[in-house]
Each structure stands twice: as structure tokens, then as C-alpha cells.
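Colleague: In the working numbering, the protein residues as written are 2 to 232.
We treat Cβ as the ideally placed atom computed from N, Cα and C, and that holds for glycine.
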Ligand code: SF4
Ligand code: SF4
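#1: Taking a contact to mean a Cβ-Cβ separation below 8 Å, would you say residue 123 touches residue 138 in this structure?
#2: Please write down, chain order preserved, every residue whose beta carbon lies under 5 Å from a heavy atom of ligand 1.
#3: Here's the rule I'm using: 16 or more other beta-carbon atoms within 10 Å means buried, otherwise exposed. How should residue 163 be labelled?
#4: Using three-state DSSP, classify residue 129 as helix, strand or coil.
#5: With a threshold of 16 other CB atoms inside 10 Å of the CB of residue 100, please say whether the residue is buried or exposed.
#6: Does at least one heavy atom of ligand 2 sit under 7 Å from the Cβ of residue 134?
#7: When the distance is taken between beta carbons, is residue 179 closer than 8 Å to residue 95?
#8: So, helix, strand or coil for residue 67, using DSSP?
#9: Using the Cβ count rule (16 or more neighbours within 10 Å means buried), how would you classify residue 87?
#10: If distances are taken between C-alpha atoms only, which option among 227, 224, 159 and 39 comes closest to residue 199?
Dropping the structure here:
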């Protein structure tokens, strides 16, 4: 999320995941079980978000992405499949769906209009009720952001209030919100969020005539290919 969408650093996270899940795979094999690491964006046979939801890591947000209590939508996932007997975890409910019902920030900021504005989730996919995402519209933007050094968009991750920094004030909000059955607390927090956190506007990242090919932050060193090659 370093400077999305123009300079996504997802690959930093995926590199770490490859390291961690690779070691776990070898460890499980060492103690006598079969094991296989699955790490996007290559070499994986499992779709991660549904597994993560089943495992209780978070809920699916309006943006179609796993939203976790600790990191919001700013997560990258990997898995290790194994025949080791394990006690499964259960899905959690920490009020993210209720918050998404009111929030809609990702839908407002999405440059392609791919995210649904309906109050309630409107489709059921393999038993899971979720908001509709127009994948074609989304992927068209992924491929059109001109300065994207690691192709993508991810505005909907960056603007999600759950992706705010893991500091004391946000931790208090995360603790209090699920414990307030009236929803008054989340409405107040949302009003503060919309008033004080200003976004560049997802549309700005698009090429002309729809946008201005904007980029707002510098790439990390290793992604500044223009400094490594003359082309
Ligand atoms: S990645 Fe970008 S285009 Fe796709 S849904 Fe998210 S904000 Fe919209
Ligand atoms: S931006 Fe708001 S509506 Fe979108 S996923 Fe995050 S909390 Fe839900």
C-alpha cells in the first residue's frame, strides 16, 4: 500500500509469504506430514480469501477483499495445505459487514465503478452472501493505470477505514465498535472519517481523458526501474 495504485508493494509481502510458508512446508514434511505452500500471485492452487474467512481471520468487505481487525484490507495471504490433523477455527463476526452497510467509501473512490452501492450484500456465492464486484471494470483499470510498476489499482484497500494505521486511537475504535449494538459509535466514527480523511480521488489515477495519470508518492528503491536502466 506504499503508494497505490501507482507503486504497489504487494510483492514485498508476497516475498515474505514465500519465505514463511516455504519454511512451514518443510517443517511439516520433516515431522512426517504432506505439505504444500500456496503463494499468490504464482504457484497456488487455493483461492485465499474464502479460506481466510472460514479460518476466522476477518470478514469480506464491500470491496470484495478480506478485511481483518488488525490490518483492515491491507493484507496479503498465503496458505499451506497439509494432511496434519488440525482443529479448524471458526468464522468471526466483528461487525465489519454492518460497518460496510453504511460506509461505502471504497465504492465512492473506486475509479472504475466496480463496487456495489447497495446497502445490503446482494449476491450469494457458494453459500456466502457478498456485495457484487464488477470484475471486468476492475481489471480494465488494473491494466490502464499507466504508471503502475507492479500492475494493479488497490484504491479500495487504501481508502478502507479498517486499513488505518495500527495505533492506539484506531485500536480503541476497533475494540469499541463491535461492542456497540446500537451502531451509534460506528456512525460517529464514519462521520469523522469522511470529514477529516481526504483522498486524492481514485479517478485521478486514470489516463486522460478520464483522469490525469496522477502519482502521489515515490516508488520504493527496488521498483524505480528508471534509475537502473536507460530505456
Ligand atoms: S482495485 Fe481499483 S478498480 Fe478494482 S475494485 Fe478496487 S478500487 Fe475499484
Ligand atoms: S471502505 Fe468501507 S465499505 Fe469499503 S470495505 Fe472498507 S469499511 Fe467496507
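Modeller: By the coordinates alone:
#1: For the purposes of this step, residue 123 is identified with residue 122 of the chain shown, where counting begins at 1. For the purposes of this step, residue 138 is identified with residue 137 of the chain shown, where counting begins at 1. Cβ distance not < 8 Å, so residue 123 and residue 138 don't count as in contact.
#2: Listed by chain position, these are 111, 113, 115, 139, 142, 154, 156 and 157.
#3: Position 162 of the chain shown, counting from 1, holds the residue named residue 163. Residue 163 should be labelled buried.
#4: By 1-based counting over the chain shown, the position of residue 129 is 128. Correct three-state label for residue 129: strand.
#5: Counted from its first residue, the chain shown places residue 100 at position 99. Residue 100 comes out buried.
#6: On the chain shown, residue 134 is found 133 positions in, with the first residue counted as 1. False, no ligand heavy atom lies under 7 Å from that Cβ.
#7: As a position in the chain shown, residue 95 is number 94, starting the count at 1. As a position in the chain shown, residue 179 is number 178, starting the count at 1. The answer is yes: Cβ separation under 8 Å.
#8: Here the question's residue 67 lines up with position 66 in the chain shown. Under the three-state reduction of DSSP, residue 67 is assigned to strand.
#9: Numbered from 1 along the chain shown, position 86 holds the residue referred to as residue 87. A residue is called buried when at least 16 other Cβ atoms come within 10 angstroms of its Cβ; residue 87 does not meet this threshold and is exposed.
#10: Along the chain shown, one-based indexing puts residue 199 at 198. Comparing Cα-Cα distances from residue 199 to each of 227, 224, 159 and 39, the minimum goes to 159.
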